[in-house]
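Reading through the structure tokens given below for one structure.
There are 2 protein chains.
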Amino acid sequence: MSEKGLLIVLSGPSGVGKGTVRKAIFKNGVDFEYSISMTSRNKRSGEIEGVDYFFKTREEFEELIEQGELLEYAKYVDNYYGTPVRHVRDTMDRGKDIFLEIEVQGAEQVKNKIPEALFIFLAPPSILDLECRLKGRGTESDEVIKERIAKARKEIQMMYLYDYVVENNEVDLAVERIKAIIQSEHLKRERVEMKYRRALLELEEEEI
Amino acid sequence: MSEKGLLIVLSGPSGVGKGTVRKAIFKNGVDFEYSISMTSRNKRSGEIEGVDYFFKTREEFEELIEQGELLEYAKYVDNYYGTPVRHVRDTMDRGKDIFLEIEVQGAEQVKNKIPEALFIFLAPPSILDLECRLKGRGTESDEVIKERIAKARKEIQMMYLYDYVVENNEVDLAVERIKAIIQSEHLKRERVEMKYRRALLELEEEEI
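Line order of the protein sequences matches chains A and B.
Take 1 as the starting number for the first sequence in my numbering and just add one per residue.
Take 1 as the starting number for the second sequence in my numbering and just add one per residue.
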């Protein structure tokens, strides 16, 4: 009886560089799988079915939504994008971790369905400017500062459902931090203790 | 206004190799301080005051206990060993992390006083034998297996107050894991969000 795999969700504001960070994570080989998204948009030149996306027609996608086959989905510019739930559940049941890189709206849907997932928020480096600004005062207009405050406030509000926040000021550093988070998630006492107790129980049953 | 430092507590059953792991952690330079213990035992040849221990007489030690100057302490073979609280508090207030390597009884005292500390349990590799045993059955006597079960059960019961469990089957791996845990602790959403909110508040106050 093996331990269930983790669901790892990487998200963050659009434009933060989620895709770049995700690709960098998988570049050097990792111990978890990537969940390939499904889309109803047309395949672009060079894209491969089952590698870049699972390509479906709009009708097929809508039917899958109705059948509850999407863990999360959204519609952008008339096209659907989403995560097929089956592969996620199967991977976790096999004791393997699975990694999603999705939009914040999608992350909210996942949180509702699988609250025990590991939620990592990728924060834009611009949010750091807040602190830089405090140090190097008086070089920018009030207008610019007000806009920045409003943007930062919005980004901070997005964070509430996440377990961890990683600033994407440098891709390699962000990758290292995300890997550390995943590693330490496996070392949480509840998880390790459960594993030991299970082994102990099996051993005791055998002894009786 | 800087963020408060973390208190990191490494503990585990006696003989698990806490000291070895701790030394390996500090060997290559880290971003946190080591809390030097206090003892009433005699200084041994080669030991340096304020490096290996703070050496006190038994009377001095007992007075410090009465004054509440020990975060935790214990008596072994007529000698006191403990953690001076002042250095721990000062380091945390300076926004710096501080690392304790102590016995499980001491960790319980720390948990009562500073529950928000990060508690890491170093588990003996013998606990792993539980699982190995399940794989390679029938090579050991019932007596040996029963003893092992009893020992493992005791060790598992010790874990309840800890946040993480790291198996010490290989020192370098244990060190890497402990560092990952400390790194990810700093990336917890509550902690990062608080930092941002504080920066935002300062910036807004300035703008008014």
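Idealized CB from N, CA, C, for every residue including glycine.
Since we're looking at a predicted model, the values are computed, not measured.
Asked, Found
"Drop a sphere of 10 angstroms on the beta-carbon of residue 146/B, count the other beta-carbons inside from all chains shown, and report buried for 16 or more, exposed for fewer.", "exposed"
"Where does the unbroken beta strand (DSSP E) through residue 149/B begin, and where does it stop?", "Run containing residue 149/B: none in the beta strand (DSSP E); it sits in the alpha helix (DSSP H), 142-158."
"In or out: residue 65/B buried (at least 16 other Cβ within 10 Å) or exposed?", "exposed"
"Quick one: any contact between the stretch 87-100 of chain B and the stretch 22-32 of chain B, if contact means 3 or more CB pairs under 8 angstroms?", "yes"
"For residue 121/B and residue 20/A, what's the separation of their Cα atoms in angstroms?", "36 angstroms"
"Pair every Cβ in the stretch 47-60 of chain A with every Cβ in the stretch 151-166 of chain A, then say whether three or more of these pairs are closer than 8 angstroms.", "no"
"What does residue 110/A touch in chain B if you count any residue whose Cβ is under 7 angstroms from its own?", "Ordered by position in chain B, no residue passes the 7 angstroms Cβ test against residue 110/A, which lies about 16 angstroms from the chain."
"Assuming residue 74/B contacts residue 103/B under a Cβ cut-off of 8 angstroms, what Cβ separation, rounded to an integer in Å, is found between them?", "6 angstroms"
"Using the three-state DSSP reduction, which class does residue 36/A fall into: helix, strand or coil?", "coil"
"DSSP on residue 13/B, reduced to helix/strand/coil?", "coil"
"So for residue 217/A, helix, strand or coil by DSSP?", "Nothing can be reported for residue 217/A, as the shown portion of chain A is limited to 1 through 208."
"Indicate whether at least one CB of chain A lies closer than 9 angstroms to the CB of residue 53/B.", "no"
"Check the Cβ-Cβ distances between residue 26/B and every residue of chain A, and say whether any is below 9 angstroms.", "no"
"According to DSSP, is residue 8/B part of a helix, a strand, or is it coil?", "strand"
"To the nearest angstrom, how far is the alpha carbon of residue 6/A from that of residue 90/A?", "12 angstroms"
"Listing by chain order, which chain B residues have their CB less than 7 angstroms from the CB of residue 159/A?", "189, 193"
"Is there at least one Cβ from chain B nearer than 9 angstroms to residue 17/A's Cβ?", "no"
"Consult DSSP for residue 1/B and reduce its assignment to one of helix, strand or coil.", "Residue placement at residue 1/B is poorly supported in this model, since its pLDDT is 49, which falls under 50; the coordinates still yield a value, given next. If DSSP states are grouped into helix, strand and coil, residue 1/B belongs with coil."
"Evaluate residue 18/B with the Cβ neighbour count: other Cβ atoms within 10 Å of its Cβ, from every protein chain shown; 16 or more gives buried, anything less gives exposed.", "buried"
"Only counting the same chain, and skipping five residues up and downstream in sequence, which positions put a Cβ closer than 7 angstroms to that of residue 85/B?", "69, 70, 71"
"Residue 77/B: buried (16+ other C-beta within 10 angstroms of its C-beta) or exposed?", "exposed"
"Report the CB separation of residue 195/A from residue 3/A in whole angstroms; it is logged as a contact under 8 angstroms.", "6 angstroms"
"Starting from the C-beta of residue 164/B, find all residues in its chain whose C-beta is less than 6 angstroms away, skip the five residues before and the five after it, and write them out in chain order.", "120, 181"
"In terms of alpha-carbon separation, which member of 44/A, 62/A, 197/A, 167/A lies closest to residue 149/B?", "197/A"
"Listed in chain order, which residues of the stretch 152-182 of chain B have Cβ atoms closer than 7 angstroms to some Cβ of chain A?", "152, 153, 156, 159, 162, 163, 164, 165, 166, 177, 180, 181"
"With a Cβ-Cβ cutoff of 9 angstroms, do residue 12/B and residue 168/B count as a contact?", "yes"
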